[in-house]
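Under numbering that gives the first Met the number 0, read the sequence shown as residues 0 to 253, first letter to last.
Heads up, the beta-carbon is just placed ideally off N, CA and C, and yes, glycines get one too.
This structure is a prediction, so every number in the text was calculated from the model and none was measured.
Before any comments, here is the structure.
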Amino acid sequence: MLGLAVLLAAPAAHAGGLWGDKMEATFGAGVLYGPLYAGSDESQAILVPVLSVQRGILFADSTRGAGLQYQFGNGLYLSQSIYYDLGRLERDSSWRPGSDSLKGMGRVPGSVTTKTMLVQPLGDRFNVSAEAEYALRSSAHRLRYRVGAEAKLFNGDANDVFLTADVHGGDRDFNQAYYGVSIAQADATGRRAFSADSGINAYAAGVRWEHKFGDRWMGIAQINAMRYAHDVSGSSIIERRNSVFGNVALTYTY
C-alpha cells in the first residue's frame, strides 16, 4: 500500500522519454503495524525503510523490487519487476511473517518472484489497478493477485486524502501454502486439517493521507481493514477473520 503511494507520486516513462532526463529518488523510513502473519490474532509494529529510485523505464524500490515500467499515452501504467516473497516462519520474527504459535506447521519457503502491475487512471481522481505475483522457486510455485480501485477524496495544496478498495486472491498453491493445514500439520499442531482451493481470499478497504512539507518532504499515513473471506475463512490458520493494518512514513524526494 505504501509502495503504491510512492509509485503514483512519480511519473513513469512515456513515449519519447524511455530513459528519462534525470534520475529521481525517494527515501525515508516508516512504521508498519499489522498481524504477525496473515490471519494471526497477534499484531506488531516494525520499522521499515522506504526507497524508490527510477529513471525512465528503469526502477528499483522497496515494495516492487527492480524492473521496467512504462506509461502509455492514455495514462495506462505497466510495470514488470523481480521481487522476493518472504514466506512464513514457524517462530516469532521481527521482520518476517511468522509466530511461535505456528510451531509444527513448518515454514512457507521464501522465493524470488516476478511481479506485474497495471494502473489505469480514470479521470483526475480515480484509478483502477491489478497486480499479479508469481513465485519462481521450483519447489514453491504459487500465484497471488490483487485488483483494486483508488479515489481521491480531497485534493489541497499540501494535503491529499485517498480511499482504497482491494480484492485479494491466489491460486490453489498460494492459498494452501498460507491458509491450508495438511493432515501431517494437523497431527503436529492440533489444528484442524484444511484444504484450500484457488480464488478470492480477502477483501480490504482503507484510507490514506499524504501531507507535503514543501517540495521534497512528504508524510504518509494509512489504515486498512481486511476481512478474510470465501474458502479460506474456514481455515484454522485464520485466528482473526478481520484484521487491521496501518503505516506511517516520512519520505524525501530529490
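Alpha carbon to alpha carbon, how far is residue i from residue j?
{"i": "ASP214", "j": "ALA24", "result": "13 Å"}
{"i": "GLN43", "j": "GLY33", "result": "6 Å"}
{"i": "GLY55", "j": "LEU75", "result": "15 Å"}
{"i": "ASP99", "j": "ASP91", "result": "5 Å"}
{"i": "SER80", "j": "ARG143", "result": "15 Å"}
{"i": "GLY105", "j": "SER194", "result": "16 Å"}
{"i": "TRP216", "j": "ALA192", "result": "49 Å"}
{"i": "ARG171", "j": "PRO48", "result": "32 Å"}
{"i": "LEU249", "j": "GLY218", "result": "5 Å"}
{"i": "ILE237", "j": "ALA220", "result": "27 Å"}
{"i": "LEU3", "j": "GLY233", "result": "Note that LEU3 scores a pLDDT of 44, beneath 50, so its modelled location is shaky; the value from the coordinates is reported in the next line. Using only the alpha carbons, I get a separation of about 30 Å."}
For residue i versus residue j, is the C-beta spacing smaller than 8 Å?
{"i": "ASN223", "j": "GLY198", "result": "no"}
{"i": "GLY103", "j": "THR188", "result": "yes"}
{"i": "VAL127", "j": "ALA148", "result": "yes"}
{"i": "ASN174", "j": "ASN200", "result": "yes"}
{"i": "GLY169", "j": "ARG141", "result": "yes"}
Considering Cα atoms alone, identify which of the options is closest to residue i.
{"i": "LEU209", "options": "ASN246, GLN175, ASP196 and ASP230", "result": "Reading the sequence as shown, one finds Glu at residue 209 and not Leu. For the residues ASN246, GLN175, ASP196 and ASP230, the minimum Cα distance to GLU209 belongs to ASN246."}
{"i": "VAL111", "options": "PHE173, LEU85, PRO120 and GLY122", "result": "LEU85"}
{"i": "SER228", "options": "PHE212, TYR251 and TYR178", "result": "Sequence inspection shows Ala at residue 228; the Ser mentioned does not correspond to that position. When only C-alpha atoms are compared, the closest one is TYR178."}
{"i": "ARG240", "options": "TYR36, LEU17, GLY27 and LEU162", "result": "TYR36"}
{"i": "GLY66", "options": "THR113, LEU88, GLY29 and ARG87", "result": "THR113"}
{"i": "PRO120", "options": "GLY27, PHE244, VAL160 and LEU77", "result": "LEU77"}
Give the DSSP-derived three-state secondary structure of residue i in the structure shown.
{"i": "PHE71", "result": "coil"}
{"i": "ALA8", "result": "Residue placement at ALA8 is flagged as unreliable, the pLDDT there being 45, under the threshold of 50; a coordinate-derived value is accordingly withheld."}
{"i": "ALA187", "result": "helix"}
What does DSSP give as the partner residue(s) for residue i in the beta ladder?
{"i": "ALA24", "result": "VAL52"}
{"i": "ALA192", "result": "ALA192 is not bridged to any residue."}
{"i": "GLU209", "result": "ASP159 and ILE219"}
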